[in-house]
Amino acid sequence: MSRQPAAEPVSCQPATEPGTRRPGAGPESGGFAAGRVSGRPAARSGRPARGRRNRWLPPQHGAWAMLLLPYVAAVGVTGPCWPHLPLLGVGLSGYLFSYYALLAMKTGRADRVRPQLLIYGGVTALLGVPVLLARPAVLGYVPLYAVLLAVNAGHARRRRERALLNDLASVAQSLLMVFVVATVAEVPPADLVGVAAAVGAYLVGTVLYVKTMIRERGSARYRWASLAYHLVALAAAVVAGWGPAVAAVFALLLLRAGILPGRRLTPVRVGLIEMVGTLLVLAAVVTRWA
Numbered sequence: 005m006s007r008q009p010a011a012e013p014v015s016c017q018p019a020t021e022p023g024t025r026r027p028g029a030g031p032e033s034g035g036f037a038a039g040r041v042s043g044r045p046a047a048r049s050g051r052p053a054r055g056r057r058n059r060w061l062p063p064q065h066g067a068w069a070m071l072l073l074p075y076v077a078a079v080g081v082t083g084p085c086w087p088h089l090p091l092l093g094v095g096l097s098g099y100l101f102s103y104y105a106l107l108a109m110k111t112g113r114a115d116r117v118r119p120q121l122l123i124y125g126g127v128t129a130l131l132g133v134p135v136l137l138a139r140p141a142v143l144g145y146v147p148l149y150a151v152l153l154a155v156n157a158g159h160a161r162r163r164r165e166r167a168l169l170n171d172l173a174s175v176a177q178s179l180l181m182v183f184v185v186a187t188v189a190e191v192p193p194a195d196l197v198g199v200a201a202a203v204g205a206y207l208v209g210t211v212l213y214v215k216t217m218i219r220e221r222g223s224a225r226y227r228w229a230s231l232a233y234h235l236v237a238l239a240a241a242v243v244a245g246w247g248p249a250v251a252a253v254f255a256l257l258l259l260r261a262g263i264l265p266g267r268r269l270t271p272v273r274v275g276l277i278e279m280v281g282t283l284l285v286l287a288a289v290v291t292r293w294a
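For the sequence shown, the working numbering gives the first residue as 5, with consecutive numbering after it.
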């Protein structure tokens with residue numbers, strides 16, 4: 005169940021080779037920004053541990069929120085069962101494997117990430133065995149993940165990981181986890197369509213909003229697109245009957261999309277605001293559908 009969230013706020017696409025930093029890189033990651041890179045190369049001395057850590061963990065902290073929100077929301081609605089635990093490991097290790105696989109594809113230097121590919125690939129396969137034995141029906145999602153990962157791979161080859169289409173493909177990969185969790189819990193996936201819709205509406209909006217705060221800070225076109233999208237999302241929450249709590253959260257997200265762009269917030273502050281938004285969405289969704 006590998007997910008490669010390349011979304012800008014949530015972009016999990018490879019930005020640099022392990023242990024290096026790309027000058028000028030923003031801290032956006034797949035719909036979330038959490039200050040992953042300052043844009044300044046690390047000093048040669050004094051911070052060796054960080055360089056080692058970046059060899060094994062992608063420097064895109066926001067991706068973790070994008071990965072976990074659909075999973076936690078779905079488990080909160082269906083209730084937990086034991087295969088959900090190895091499934092979580094599959095999702096996390098699968099993301100790590102796909103990150104380094106796409107990095108190898110982008111740079112053409114698979115030898116530099118071979119240890120990561122072997123370890124994360126092995127962990128993903130090992131954790132996937134009990135999930136498949138318990139719920140073989142999850143194999144039905146593999147073709148969908150393959151198609152979306154092919155979109156990521158195509159953008160990685162062209163070094164266009166920050167493209168909006170690539171971000172949306174990563175959001176779709178994350179949302180598939182809602183239905184995988186339902187299948188593992190032996191709950192009809194159709195019962196969680198509302199959960200996926202609400203979480204997806206938030207993640208797509210975050211992709212647009214974070215672009216207006218960082219990479220597309222000066223773009224009036226993106227600001228209007230973000231504002232219009234959040235207005236439509238709020239209307240959809242009301243019309244679809246997602247409940248007052250979800251509607252209230254989307255109203256706050258609309259205010260955030262209308263007021264904050266243009267203010268020179270640091271990436272860390274942008275990320276902290278999105279963390280609060282993520283928690284509010286999670287609480288509202290679980291309250292509505294549990």
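Using N, Cα and C, we set each Cβ at its ideal position, and we do this for glycine too.
As the structure is a computational prediction, the values presented were derived from the model and not from experiment.
Rounded to the nearest whole angstrom, the C-alpha separation of F101 and W293 is 32 Å.
Burial check for G144: the Cβ neighbour count within 10 Å stays below 16, so the residue is exposed.
Annotation: P192 is outside any alpha helix (DSSP H) and is labelled neither H nor E by DSSP.
L231 and A261 have their C-alpha atoms some 6 Å from each other. Taking one beta carbon from each stretch, the segment 151-160 and the segment 104-123 have 3 or more pairs nearer than 8 Å; the two touch. S223 carries a coil assignment under DSSP once its states are collapsed to helix, strand and coil. The segment 77-84 makes no contact with the segment 119-135: fewer than 3 CB pairs, one atom from each, lie closer than 8 Å. A contact is defined here as three or more CB-CB pairs under 8 Å, and the segment 275-285 meets this definition with respect to the segment 58-70. Distance between L89 and V242, taken at the CA atoms: about 34 Å. Secondary structure at R292: helix, using DSSP grouped into helix, strand and coil.
DSSP places G266 in the coil class of the three-state scheme, outside both helix and strand.
Taking C-beta separations shorter than 8 Å and ignoring five residues to either side along the sequence, the partners of L136 in its chain run V142 and L143, following chain order. The alpha carbon of R268 has as its nearest neighbour, out of V211, I218 and V188, the alpha carbon of I218. Taking 9 Å as the cut-off, the Cβ atoms of F254 and L238 count as close.
For the pair R139 and E220, the CB atoms are not nearer than the 9 Å cut-off.
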